[in-house]
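What follows is a set of notes on a single structure, which appears directly below.
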Amino acid sequence: MHLVAVGGSDAAAERCARRHPGTDLDAVAGHIAEWNRCLVFVVEVPLRTERLILRPFATDDLDALHAIRSHPDAMRFLGGKPWTRAETAEQLARLVECDRLSAQGESLRLAIERRAAPGLIGSVSLRWVSAADKRGEVGFVIHPSHQGHGFATEAAGGMLQLAFERLRLHRVVAGADPRNRASVAVLRRLRMQQEACLRHHTWLNDEWADELIFGMLAEEWSRWTAPTTRA
Ligand SMILES: CC(C)(COP(=O)(O)OP(=O)(O)OC[C@H]1O[C@@H](n2cnc3c(N)ncnc32)[C@H](O)[C@@H]1OP(=O)(O)O)[C@@H](O)C(=O)NCCC(=O)NCCS
Numbered sequence: 039m040h041l042v043a044v045g046g047s048d049a050a051a052e053r054c055a056r057r058h059p060g061t062d063l064d065a066v067a068g069h070i071a072e073w074n075r076c077l078v079f080v081v082e083v084p085l086r087t088e089r090l091i092l093r094p095f096a097t098d099d100l101d102a103l104h105a106i107r108s109h110p111d112a113m114r115f116l117g118g119k120p121w122t123r124a125e126t127a128e129q130l131a132r133l134v135e136c137d138r139l140s141a142q143g144e145s146l147r148l149a150i151e152r153r154a155a156p157g158l159i160g161s162v163s164l165r166w167v168s169a170a171d172k173r174g175e176v177g178f179v180i181h182p183s184h185q186g187h188g189f190a191t192e193a194a195g196g197m198l199q200l201a202f203e204r205l206r207l208h209r210v211v212a213g214a215d216p217r218n219r220a221s222v223a224v225l226r227r228l229r230m231q232q233e234a235c236l237r238h239h240t241w242l243n244d245e246w247a248d249e250l251i252f253g254m255l256a257e258e259w260s261r262w263t264a265p266t267t268r269a
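Heads up: the sequence shown at position 69 corresponds to 107 in this note's numbering, and the numbers run straight through without jumps.
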């Protein structure tokens with residue numbers, strides 16, 4: 039399976055495909071081909087990090103996804119109440135479609151599995167916020183019984199590597215409630231810089247919540263030795 043990300047408008051992507059109808063996208067996997075100012079990126083998924091496989095969601099992830107999304111501890115800072123099983127099924131139907139980035143505004147959402155033991159233990163996302171500004175946003179969640187092993191840091195590191203080294207984004211951001219100490223620790227461990235605190239930014243669980251904004255630039259990423267993501 040391949041993730042194809044096209045930098046530019048849908049119309050530009052269509053023009054590009056028409057002009058290069060016989061293009062073997064597999065042949066340029068991992069490279070960037072510039073055709074008439076239309077950038078096409080081809081990246082293989084699943085992504086693999088040292089201990090993890092980051093793969094598209096599948097319909098049979100329902101039980102494992104529900105175990106996470108119905109857990110109050112996992113949901114506390116995610117902006118909603120724990121999901122019912124019906125809500126999880128509805129969301130999963132959307133998640134299985136989020137296996138590529140083909141236009142700004144889309145999110146790539148991948149299930150996290152350990153290489154050593156199959157089964158979904160969490161998820162990680164990369165949203166393509168702006169094509170013009172080359173900006174993305176990462177997010178993550180890990181089932182409480184698998185937290186504290188560095189899995190979120192490793193998975194998010196894999197997504198940052200994808201963002202900066204393959205998709206050539208210039209800036210990636212992440213938001214975290216200051217009370218969400220685990221999330222803040224992950225972002226700091228990734229060497230993202232805390233740039234702002236937006237006071238009372240969200241109405242969360244019947245109270246106003248602040249949001250810390252973390253960011254990383256491409257030049258900062260290249261100074262850091264990232265966890266290796268192998269296609
Ligand atoms: C945030 C979350 C993904 C972290 O997952 P994880 O796999 O446990 O993360 P890691 O093991 O990679 O790192 C956790 C870090 O947080 C620290 N930590 C964990 N719980 C903590 C706590 N209560 N207080 C302070 N630090 C804590 C750990 O020590 C570790 O820091 P270190 O690497 O410097 O030792 C997980 O807690 C989670 O799913 N939370 C609910 C969803 C969520 O809030 N997502 C983020 C939205 S912004």
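By construction, the Cβ of each residue, glycine as well, lies at the ideal position given by its N, Cα and C atoms.
Here the structure is a predicted model, which is why all the values come from computation and not from measurement.
TODO: With a 10 Å radius around its C-beta and 16 neighbouring C-beta atoms as the bar for buried, classify Lys-172 as buried or exposed.
DONE: buried
- [ ] Per DSSP, which residues does Phe-202 bridge with? Please list them.
- [x] Its beta-bridge partners do not exist; DSSP assigns none.
Open item on the list: Given the structure, does Val-211 come close to ligand 1, in the sense that its CB is under 6 Å from one of the ligand's heavy atoms?
Closed with: no
- [ ] Could you pull out every unbroken alpha helix (DSSP H) segment of at least 4 residues lying fully inside the region 166-191, listed in chain order?
- [x] none
TODO: Identify whether Trp-241 lies in helix, strand or coil by the three-state DSSP scheme.
DONE: strand
Open item on the list: Does the region 138-155 come into contact with the region 164-171, if we say contact requires no fewer than three beta-carbon pairs (one atom in each stretch) closer than 8 Å?
Closed with: Yes, the region 138-155 touches the region 164-171.
Task: ligand 3 heavy atom lying under 6 Å from the CB of Trp-121 - done: This structure simply doesn't include ligand 3; it includes ligand 1 instead.
TODO: Report all residues from its chain with a CB closer than 8 Å to the CB of Gln-231; omit the five preceding and five following residues, and keep chain order.
DONE: Phe-252, Gly-253, Met-254, Glu-258
- [ ] Starting from Arg-217, follow the beta strand (DSSP E) in both directions and report where the run begins and ends.
- [x] Run containing Arg-217: none; DSSP gives neither H nor E here.
Task: Among Ala-194, Lys-119, Leu-116, Ser-183, nearest to Val-210 - alpha-carbon criterion - done: Ala-194
Task: Limits of the unbroken alpha helix (DSSP H) element including Ala-105 - done: 100-107
TODO: Kindly indicate which three-state DSSP category Asn-74 falls into: helix, strand or coil?
DONE: At Asn-74 the pLDDT is 47, less than 50, meaning the model places this residue with poor confidence; the figure from the coordinates comes in the next sentence. Coil, per DSSP.
- [ ] Look at Arg-123 and His-109 and say whether their C-beta atoms are less than 7 Å apart.
- [x] no
Open item on the list: Rounded to the nearest angstrom, what separates Glu-151 and Gly-160 at their Cα positions?
Closed with: 7 Å
Task: Contacts around His-208, its chain only, beta-carbon distance under 6 Å, and the 5 residues preceding and following it disregarded - done: Within its own chain, the residues whose Cβ lies closer than 6 Å to the Cβ of His-208, once the five positions on either side in sequence are excluded, are Lys-172, Ala-256, listed in chain order.
Task: C-beta atoms of Pro-216 and Asp-248 nearer than 7 Å - done: yes
Open item on the list: Using only the alpha-carbon positions, how far apart do Leu-139 and Val-81 sit?
Closed with: 10 Å
TODO: State the Cα-Cα distance for the pair Leu-90 and Leu-236, rounded to the nearest angstrom.
DONE: 33 Å
Open item on the list: Could you check if Ile-180 belongs to the surroundings of ligand 1, using beta carbon to heavy atom distance under 6 Å?
Closed with: Under cutoff, so the answer is yes.
TODO: Answer yes or no: do Val-222 and Ala-214 have a C-beta to C-beta separation smaller than 7 Å?
DONE: yes
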